[in-house]
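Heads up: the structure comes next, in structure tokens.
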Amino acid sequence: MMKSTTFLLPFLFLFALPLANAQQGAPKRKDSTEIKGIPERIGGNIYRAPSVQALKNKAQKSYENGNYYGAMQYYQRILTEVDTQNVTALYGYARAATAYTLYGNAEKTYLYMTDSNLVQKDETFLLQLANTWYLLREYKKALEVYQEVDNMSTSADSKAEAKIGINNCNWAIEVQKNVEDIVLDSLRKSINTPYSEYADIYTDDQLYYSSYSHPYKGDSSRLLIQILTAQRMDDGEIRIQPVLYNEENRHTAYVSFNQDKTTMYYAIGKYNKDKAICFELYRRKRLGDNTWGKPEKLPKQINHPKATTTQPFICTMPGEAAETLFFVSDRPGGKGKKDIWYSKIENDTFSQPVNLTALNTPGDDVTPFYHAATGVLYFSSNGHQTLGGFDIYRSEPIGQSWGAPQHLPEPLNSTANDVFYSISEDGKMRHFSSNRDGAINNSEEDCCYDIFKYCEPQELPVSVCDAETGDSLTNTIMQLYRIGSNGPELLQTEHVTNASQSFKLLPGKSYLLVTSKAEFRPDSFYFDSPTNVCDPIEKVQRCLKMFEVKLLVDILNCDGSEPQKGVNLTLTTVGADGQELARIVKNDPDSTEYLFQLRPRNNYTLLGSLEEITADAEPVSTFGLTRDTTIRRELNLGLNLNLEIHVFNEADDTKLNDVIITLMRLDTDQKWVHVSGLQSNRFDTLIAYDGQYRIFVEKNDPLRKKFSTASIEFSTDTISKTACRQLRKNLFLRRIPDLPITLFFDNDEPGPHTSSDRIPLKYNAATKKYEPLIYEDIYFGFVVDDNGDTVRQYYCHTDLGHKCYGNRHHCFNAPANRAHRGPIAVLGYYNLKNLFIDRYTEGETGADRLRDSLKVDAFFEDSVKGEWNRLRDVFEAVYTTLEDPKTKKVTIEIRGYASPLGNPAYNEVLTSRRVNSVERFFRVFDGGVFMKHINSGKLILKRIPNGAAKAIIGGAKFKDGNDRRESVYSVEASRERRVEVVGVDIQTF
């Protein structure tokens, strides 16, 4: 879209109307003094005007002729010599400053006018201020003002211009987001002068350009444009010289060569009556390597008699035999002011020029350049959207036409004029001209054009070699960092399969290149890229050194307690297929430490031997290492076995900690005792290969009431001798139910009122014989007198085969097919619970009766019934232990007690009868399963009768036989009538 005409001003220099008045007699220094924001000094070549109106007329004429600097001088003269607040002069000065690209001066002038209340902020003034801010890249400020005008204006033209400005601002804001990281070379040290230089083309290693800096012969007040060449010599210096075909007193500019360099085209111009330069196109044909024929003026269809024709560019379009001549002209029939035209040249004949309507605009479209390698046409325009003045565009062909123009990013384009874009033949170097800030000038303002150069990002070619062999290294990783104020920033990572890689660089930057390979030390290369954007970069070679891998081996005895001398150590390099590639053997009789140098990305085996003992081969790998590394290995080697003793709970195979482990060597009487502690269940030690050993294990429990003991014997005579061979022995301890187990008796039972220390007899109906009562009968069967008559009958339990019919006088045993009656829970004594409750609470009522009833009930449930069940568990555990062939002997200790109601002598025989009843129960339990172990001595029942002296509770009231409530039926008295299984000692082999 076309920009607002307020700042889309004609730039006549593009037709070689390069501000002649501004160049002539221009001041030699810049005076920064300003009055109210306006540069004060006026050029000395301006004569005094007789009146303000005359100065205004001269200023207006200078502006119309494109002499914006002269217009500024005339307006400033009015302001400094006549009236500092002359509004017409202020407007004219700001307008000329804008056209002259002094946008800052224009802004100061507009703001001075508003601060001094010289103008109303109407739509015309606001549009001019917004245009100036746009050119100063103050897009957000400009956008606000454009929007204000759009909202306030009633003029269709002003609203249209405001909308164009809004669109331009939004577009420019997006353009700013895509600024390319390009460093431009202003060539101020080599080519550019305080005057204007226009880039033409770079070919044959030299730059052809047009320089507006040469005086007319015989008229130093006027300057000529001439074609020069710049070429870098072998010593690095730039040699500049004019071409031989420059006209002596006419402007010669804008040279272009055809594809095979046989014909050149250029423009020759002269001043017209308006002091503007009018150009025509010429050509010369090559006669030899360095000579050209006479100039030939192109025919009238090219050089229009009433227009200027300039900026030729000759090329050959793809697929065409004819050459195409692009040029610029303001001839009639164009689309805008200055248009791009083209003519086909075939058989040395020029076709009628055709307007490039697909790209031209109502504004100015100039400086065409066609890049044959890419098929892209570059040109500059102020009719398409621009950041200010002329901007560079590109277009690609689409069929017989051209695609939509594409705006080149910043910094190639700027708020000033950017023109004459060209690309070298190899595509690496670009030139263009601009009068942007930073261009060299001979006046106090930025009047003149400089050539700027930039290249495709510089490329650093890097090759990699092996520092040891000098051979090329492939399959490396290269990482390029840019060093900034915040440290290294990773730009690029390349996995380089060959031995070289190129990296694009920006000029004048600091970089770090890190090259790495799995088996080599990383290489870090710090460097600065050349400041000059197009200076060549020499190839860099980085040689990597394989990183160092050391293997340090410490030789220790089998348990690692001390160094081991006299070991033969063999390091073998192993191939991918397991084949041995190399071998190193070391043997130092006095050394216990060995050092080997390894290579990265290799596999090794480490083997040690001592006398006839050989250690297992230990693998060592250097794969995956990325830097200098020391690998440490400990090799255990000795003339011993590593014995591990572990202790477990037999019930669930869990570790049993805090055990006492005793190791005995039977053939030498050596003995080692180890307490594992609360956190361990093992004992590790070294033993000999030719010994007889026994291990004895017990829980660290002085009373040995929780677990059994265990032992094992073994020999090491038959074990093959290898280095630090592991030998493991697992031992299991059986858990013993918590002791003591207390069995309670009714008063004076068994055998009441007898003085025998053995239990009375009962009548066996099956055998028709009297047999001793056993504990089971006393507890839950029936008590008989000497005649076999039933003295007492009790309730029976219903869970294990007994049948109860609801009265106290009929009880039937389990079916005959049961070997024994099982773990009876409800016992004969237990069945007296209600009798004991009734007798103990007799005469009580209310809370007292309830409290004492609960007390007696709890005793019968928890103690009488509960302890009987635990006794059955002990029987089962003892039976399992006795059946284990590893068990040597089981000893069960039994104690009896009596209440203090009887005299000591009687109590002694009573407790003996009670213990005897339990012993007899062991003999007949489960059909006599324990008898074989009792007869063999494997099961020992150890009796400890105690009498009343060992009673738990004493007291006068329990000795009072007349007080039956307390001495017989109380819980306290009942607890005195008991037998305790106090110990189970298990010994194993």
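Heads up, the sequence shown is in the working numbering, so the first residue is 1044 and it goes up one at a time. For every residue, glycine included, the Cβ atom is placed at its ideal position computed from N, Cα and C.
Next item on the list: Go to Thr1797, then tell me how far its alpha helix (DSSP H) extends in each direction, as first and last residue.
Entry: Start at 1 with the first residue of the sequence shown, and residue 1797 comes out as number 754. Per DSSP, Thr1797 belongs to no alpha helix (DSSP H) and is neither H nor E.
Next item on the list: Taking Ile1738 as the reference, give the member of Glu1756, Ser1723, Gly1446 and Ile1730 with the closest Cα.
Entry: Residue numbering aside, residue 1738 sits at position 695 when the sequence shown is read from its first letter. Ranking Glu1756, Ser1723, Gly1446 and Ile1730 by Cα distance to Ile1738 puts Glu1756 first.
Note to self: Could you compute how far the alpha carbon of Asn1211 sits from the alpha carbon of Thr1429?
What the structure shows: Against the sequence shown, residue 1211 aligns to sequence position 168. Against the sequence shown, residue 1429 aligns to sequence position 386. Our two residues, Asn1211 and Thr1429, have alpha carbons roughly 8 Å apart in a direct line.
Item checked: C-beta atoms of Thr1152 and Ala1137 nearer than 9 Å -> The sequence position of residue 1152 within the sequence shown is 109, counting from 1. The sequence position of residue 1137 within the sequence shown is 94, counting from 1. If you check the CB distance, Thr1152 and Ala1137 come in under 9 Å.
Notebook entry, point to check: With a CB to CB cut of under 7 Å and the five nearest residues on each side skipped, what residues in its chain are close to Leu1925?
Noted result: The count along the sequence shown starts at 1 and reaches residue 1925 at position 882. Here Leu1925 has Val1933, His1976, Lys1981 and Leu1982 as same chain residues with Cβ atoms under 7 Å from its own Cβ, once five neighbours each way along the sequence are excluded.
Item checked: Buried/exposed call for Asp1744, threshold 16 Cβ in 10 Å -> Taking the sequence shown and counting its residues from 1, one reaches residue 1744 at position 701. Exposed, by the Cβ-count rule.
Next item on the list: With DSSP as the reference, please indicate the residues paired to Ser1424 in a beta bridge.
Entry: For the purposes of this step, residue 1424 is taken as the residue at position 381 of the sequence shown. Listed as beta-bridge partners of Ser1424 by DSSP are Asp1408 and Asp1434.
Item checked: Selection from Ile1494, Val1702, Leu1420 and Leu1682 that minimises the alpha carbon distance to His1689 -> Locating residue 1689 in the sequence shown gives position 646, counting from the first residue. The residue with the shortest Cα to Cα distance from His1689 is Val1702.
Next item on the list: Mark Pro1285 as exposed unless 16 or more other C-beta atoms lie within 10 angstroms of its C-beta, in which case mark it buried.
Entry: Looking up residue 1285 in the sequence shown gives position 242. With fewer than 16 other Cβ atoms within 10 Å, it is exposed.
Next item on the list: Can you give me the start and stop residues for the beta strand (DSSP E) that His1257 sits inside?
Entry: Position 214 of the sequence shown, counting from 1, holds the residue named residue 1257. Start and end: Gln1249 to Tyr1259.
Next item on the list: Within the same chain, show all residues whose beta-carbon is closer than 8 Å to that of Ala1364, passing over the 5 residues directly before and after it, in chain order.
Entry: Along the sequence shown, read from residue 1 onward, the residue named residue 1364 stands at position 321. Cβ neighbours of Ala1364 beyond the five flanking positions: Glu1389.
Notebook entry, point to check: Looking at Phe1369 and Leu1330, is the spacing between their C-beta atoms short of 9 Å?
Noted result: Your numbering for residue 1330 matches position 287 in the sequence shown. Your numbering for residue 1369 matches position 326 in the sequence shown. The criterion of a C-beta distance shorter than 9 Å is not satisfied by Leu1330 and Phe1369.
Notebook entry, point to check: Is the beta carbon of Phe1433 less than 9 Å from the beta carbon of Val1397?
Noted result: In the sequence shown, counting from the first residue as 1, residue 1433 sits at position 390. In the sequence shown, counting from the first residue as 1, residue 1397 sits at position 354. Cβ distance not < 9 Å, so Phe1433 and Val1397 don't count as in contact.
Notebook entry, point to check: CB-CB under 6 Å to Arg1938, same chain, minus the five flanking residues each way: which ones, in chain order?
Noted result: As a working note, residue 1938 is residue 895 in the sequence shown. Contacts found: Ile1987, Asn1989, Glu2023 and Val2025.
Next item on the list: Consult DSSP for Ile1880 and reduce its assignment to one of helix, strand or coil.
Entry: As a working note, residue 1880 is residue 837 in the sequence shown. Residue state, collapsed to three classes: helix.
Item checked: Spatial distance of Lys1876 from Phe1903 (CA atoms) -> By one-based count along the sequence shown, residue 1876 stands at place 833. By one-based count along the sequence shown, residue 1903 stands at place 860. About 6 Å.
Note to self: Which same chain residues end up closer than 7 Å to Val1125 when comparing Cβ atoms and leaving out the 5 residues on each side of it in sequence?
What the structure shows: What you label residue 1125 is simply residue 82 of the sequence shown in a count that begins at 1. Close CB contacts of Val1125 within its chain, under the 7 Å cut and outside five residues either way in sequence, are with Val1095 (chain order).
Checklist line | Identity of the residues DSSP links to Met1276 by a beta bridge | finding: Reading the sequence shown from its first residue, position 233 is the one you call residue 1276. Paired residue(s): none; Met1276 is not in a bridge.
Check: Would DSSP call Phe1212 helix, strand or coil?
Finding: Stepping through the sequence shown from its first residue, residue 1212 is reached at position 169. Per the sequence shown, residue 1212 should be read as Cys rather than Phe. It is helical.
Margin query: Looking at the strands, I want to know which residues DSSP matches up with Phe1739.
Written below: Locating residue 1739 in the sequence shown gives position 696, counting from the first residue. DSSP output for Phe1739 lists Thr1705 and Ser1754 as bridge partner(s).
Note to self: Assuming the contact rule is C-beta atoms closer than 8 Å, Ile1225 and Pro1454 should be a hit. Round their C-beta distance to whole Å, please.
What the structure shows: Counting from one through the sequence shown, the residue named residue 1225 turns up at place 182. Counting from one through the sequence shown, the residue named residue 1454 turns up at place 411. Right, the Cβ-Cβ distance comes to about 6 Å (below 8 Å), so this counts as a contact.
Note to self: Beta-carbon within less than 7 Å of Cys1508's beta-carbon, same chain only, minus the 5 sequence neighbours each way: which residues are those?
What the structure shows: For the purposes of this step, residue 1508 is taken as the residue at position 465 of the sequence shown. In the same chain as Cys1508, and ignoring 5 residues on each side of it, the C-beta atoms closer than 7 Å to its own belong to Asp1514, Ser1515, Leu1516, Gln1584 and Cys1586, in chain order.
Checklist line | Between the CA atoms of Ile1779 and Ile1735 - distance to the nearest angstrom | finding: Translated into positions along the sequence shown, residue 1735 becomes position 692. Translated into positions along the sequence shown, residue 1779 becomes position 736. The displayed chain sequence assigns Gln, not Ile, to residue 1735. Between the C-alpha atoms of Gln1735 and Ile1779 there is a straight-line separation of about 31 Å.
Checklist line | Cβ distance (whole Å) where Leu1680 is taken to contact Gly1651 below 8 Å | finding: In the sequence shown, the residue the question calls residue 1680 occupies position 637. In the sequence shown, the residue the question calls residue 1651 occupies position 608. 5 Å between Cβ atoms; contact.
Margin query: Check for me: the alpha helix (DSSP H) holding Pro1947 runs from which residue to which?
Written below: On the sequence shown, position 904 is the one that residue 1947 refers to. First-last of the alpha helix (DSSP H) with Pro1947: Pro1947 to Val1967.
Margin query: Within 8 Å, do at least three Cβ pairs link the region 1780–1788 to the region 1708–1715?
Written below: The region 1708–1715 is not in contact with the region 1780–1788.
Next item on the list: Determine the extent of the beta strand (DSSP E) in which Arg1915 is found, giving its start and end residues.
Entry: In the sequence shown, counting from the first residue as 1, residue 1915 sits at position 872. Per DSSP, Arg1915 lies in no beta strand (DSSP E) segment; the continuous alpha helix (DSSP H) that holds it begins and ends at Gly1909 to Glu1926.
Next item on the list: Grab me the residues of Thr1306's own chain with a C-beta within less than 8 Å of its C-beta, minus the 5 sequence neighbours each way, in chain order.
Entry: For the purposes of this step, residue 1306 is taken as the residue at position 263 of the sequence shown. Once the five neighbours on either side are set aside, the close Cβ partners of Thr1306 are Phe1300, Arg1326, Arg1327, Lys1328, Arg1329 and Ile1357.
Check: If you check the beta carbons only, do Lys1378 and Pro1411 fall under 9 Å apart?
Finding: Along the sequence shown, one-based indexing puts residue 1378 at 335. Along the sequence shown, one-based indexing puts residue 1411 at 368. Their beta carbons are not under 9 Å apart, which means Lys1378 does not touch Pro1411 by this criterion.
Margin query: According to DSSP, is Lys2035 part of a helix, a strand, or is it coil?
Written below: Absent from the structure is residue 2035, since the part of the chain shown begins at 1044 and ends at 2032.
Margin query: For Tyr1872 and Asp1927, I'd like the C-alpha separation in whole angstroms.
Written below: Here residue 1872 corresponds to residue number 829 of the sequence shown, with the count starting at 1. Here residue 1927 corresponds to residue number 884 of the sequence shown, with the count starting at 1. If you take the alpha carbons of Tyr1872 and Asp1927, they lie about 35 Å apart.
Item checked: Those residues which DSSP pairs with Leu1984 across a bridge -> Numbered from its first residue, the sequence shown carries residue 1984 at position 941. BP columns for Leu1984 point to Ile1935.
Next item on the list: Determine the direct distance from the alpha carbon of Val1539 to that of Met1521, and round the result to whole angstroms.
Entry: The sequence position of residue 1521 within the sequence shown is 478, counting from 1. The sequence position of residue 1539 within the sequence shown is 496, counting from 1. The C-alpha of Met1521 lies about 7 Å from the C-alpha of Val1539.
Notebook entry, point to check: For the region 1444–1459 against the region 1546–1554, are there 3 or more C-beta pairs whose distance is under 8 Å?
Noted result: Segments in contact, no.
Next item on the list: May I ask whether a heavy atom of the ligand MN can be found less than 8 Å away from the beta carbon of Asn1685?
Entry: This structure simply doesn't include the ligand MN, nor any ligand for that matter.
Note to self: Give me the residue from Thr1930, Gly1426, Tyr1436 and Phe1973 with the minimum Cα distance to Phe1918.
What the structure shows: Locating residue 1918 in the sequence shown gives position 875, where the first residue counts as 1. Each of Thr1930, Gly1426, Tyr1436 and Phe1973 was checked against the Cα of Phe1918, and the nearest Cα belongs to Phe1973.
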